[in-house]
Amino acid sequence: MLTPVLSTKKLNLDQQNRLLNKGYQLVEWDFITTEYIDIQLDRIGNLLLFTSQNAVKSILRNRNIDSLKQITTICVGEKTADLLTRNGWKVLCYREYATELGDYILQNHTEDNITFFCGNLRRDVLPNILKNNNITHKEYEVYRTNFCSREIEIPIKAILFFSPSGVISYMQKNLISDQICFCIGTTTANEALKYTKNVVVAKKPTIDCVIDACTVYFEKDYREVNDGKAI
Numbered sequence: 001m002l003t004p005v006l007s008t009k010k011l012n013l014d015q016q017n018r019l020l021n022k023g024y025q026l027v028e029w030d031f032i033t034t035e036y037i038d039i040q041l042d043r044i045g046n047l048l049l050f051t052s053q054n055a056v057k058s059i060l061r062n063r064n065i066d067s068l069k070q071i072t073t074i075c076v077g078e079k080t081a082d083l084l085t086r087n088g089w090k091v092l093c094y095r096e097y098a099t100e101l102g103d104y105i106l107q108n109h110t111e112d113n114i115t116f117f118c119g120n121l122r123r124d125v126l127p128n129i130l131k132n133n134n135i136t137h138k139e140y141e142v143y144r145t146n147f148c149s150r151e152i153e154i155p156i157k158a159i160l161f162f163s164p165s166g167v168i169s170y171m172q173k174n175l176i177s178d179q180i181c182f183c184i185g186t187t188t189a190n191e192a193l194k195y196t197k198n199v200v201v202a203k204k205p206t207i208d209c210v211i212d213a214c215t216v217y218f219e220k221d222y223r224e225v226n227d228g229k230a231i
């Protein structure tokens, strides 16, 4: 019998095949959508801070993009760093989580003027670090996350989550009972843990690693779940 897996975002063809070729039944739905915001940049610092790939994609549409690419960047996430590098930026540093990048900023950039690009659902970690340590900065909201929940009527054994907002959107019209939730990182996992203890965190915060976590779990008949903490 095929194991039914729900992905809370639509996967590309290669990612789909990694599940389908191993005998999984794949159900997909984009539980969130992204809306880019056109902004007027009235003040730019000497260091750019991006918290996601969506922030980068939004800024790539800005009319000042050529001058922005001359400014060094720091960011959250390896994929974000890769996207910045491919588009001509120099990435001074990236960390996988905002807390880690905040520590780096405190150690290296307290005297800089930081321009911070983020979304409407951004966490308070980095803004609080910048404000509480009197680091000069300007924050721009450059994209908006919209919830697009949908009731899933077929039985599901596993759910793939890629952001805290994806968890929130899913829970608007669905429940989690005995499904195993595979999460892209600890922030997403901690949101899922509000509703279930059946949470597994990918080894690295990438879509491919979330898929790997799912297939390894079921192929090895792995049934250990954490006791209220992200693993």
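Per the UniProt record's numbering, residue 1 is the first one in the sequence shown, and the count goes up by one each step. Glycine included, C-beta positions come from ideal geometry on N, C-alpha and C. Since the model is a prediction, treat every value here as computed from it, not as a measurement.
Residues that DSSP places opposite residue 180 in a beta bridge: Note: residue 180 sits in a beta bridge opposite 158.
Sub-8 Å separation of residue 185 and residue 9 beta-carbons: No. Outside cutoff.
Complete runs of the alpha helix (DSSP H) confined to the segment 32-104 [at least 4 residues]: Correct list: 53-59, 65-68, 78-86.
Whole-number beta carbon distance between residue 94 and residue 77, since they are thought to touch under 8 Å: In this structure residue 77 touches residue 94 by the C-beta definition: roughly 6 Å separates them, less than 8 Å.
Residues that DSSP places opposite residue 232 in a beta bridge: Coverage of the chain is limited to positions 1 through 231, which leaves residue 232 absent and any answer about it impossible.
Member of 116, 210, 203 whose CA lies at the smallest distance from the CA of residue 130: Ranked by Cα distance from residue 130, the options 116, 210, 203 are led by 116.
Touching by the beta-carbon criterion (3+ pairs, under 8 Å), the segment 133-146 and the segment 22-40: Output reads yes: the segment 22-40 touches the segment 133-146.
Those residues which DSSP pairs with residue 200 across a bridge: Per DSSP, 182.
Alpha-carbon to alpha-carbon, residue 205 and residue 96: Answer to the nearest angstrom: the Cα atoms are 7 Å apart.
Straight-line gap, residue 212 to residue 42 (C-alpha atoms, nearest Å): Distance from the CA atom of residue 212 to the CA atom of residue 42, rounded to whole angstroms, is 44 Å.
Whole-angstrom distance between residue 101 and residue 53, CA atom to CA atom: Distance between the alpha carbons of residue 53 and residue 101 is about 16 Å.
Cβ pair residue 136, residue 45 closer than 8 Å: Yes.
Other residues of its chain near residue 16: CB distance less than 7 Å, five sequence neighbours each side excluded: Within its own chain, the residues whose Cβ lies closer than 7 Å to the Cβ of residue 16, once the five positions on either side in sequence are excluded, are 26, listed in chain order.
Sequence-distant residues of the same chain with beta carbon closer than 6 Å to residue 233, five excluded per side: The requested residue 233 does not occur in the structure, where the chain is confined to residues 1 to 231.
DSSP beta-bridge partners of residue 4: Answer by DSSP bridge pairing, in chain order: 25.
Beta-carbon proximity check, residue 89 vs residue 73, cutoff 8 Å: When the beta-carbon positions are compared, residue 89 and residue 73 come within less than 8 Å of each other.
Residue nearest to residue 111 in terms of C-alpha spacing, selected from 47, 148, 126: Ranking the options by Cα distance to residue 111, first place goes to 47.
Per-residue DSSP class, three states only, for residue 18: Residue 18: helix per DSSP, three-state reduction.
Sequence-distant residues of its chain with Cβ nearer than 7 Å to residue 174 (five each side left out): Here residue 174 has 151, 152 as same chain residues with Cβ atoms under 7 Å from its own Cβ, once five neighbours each way along the sequence are excluded.
First and last residue of the uninterrupted alpha helix (DSSP H) at residue 209: DSSP places residue 209 inside the alpha helix (DSSP H), whose first and last residues are 207-219.
Sequence-distant residues of the same chain with beta carbon closer than 7 Å to residue 228, five excluded per side: For residue 228, the predicted model reports a pLDDT of 37, less than 50, meaning its position is unreliable; a value from the coordinates is still stated below. Hits under 7 Å: 193, 197.
Closest Cα partner of residue 159 within the set 132, 122, 126, 200: Across the set 132, 122, 126, 200, the C-alpha of 200 shows the shortest separation from the C-alpha of residue 159.
Helix, strand or coil at residue 248 according to DSSP, with G and I counted as helix: The shown model of the chain, from 1 to 231, leaves out residue 248, and the question about it has no answer.
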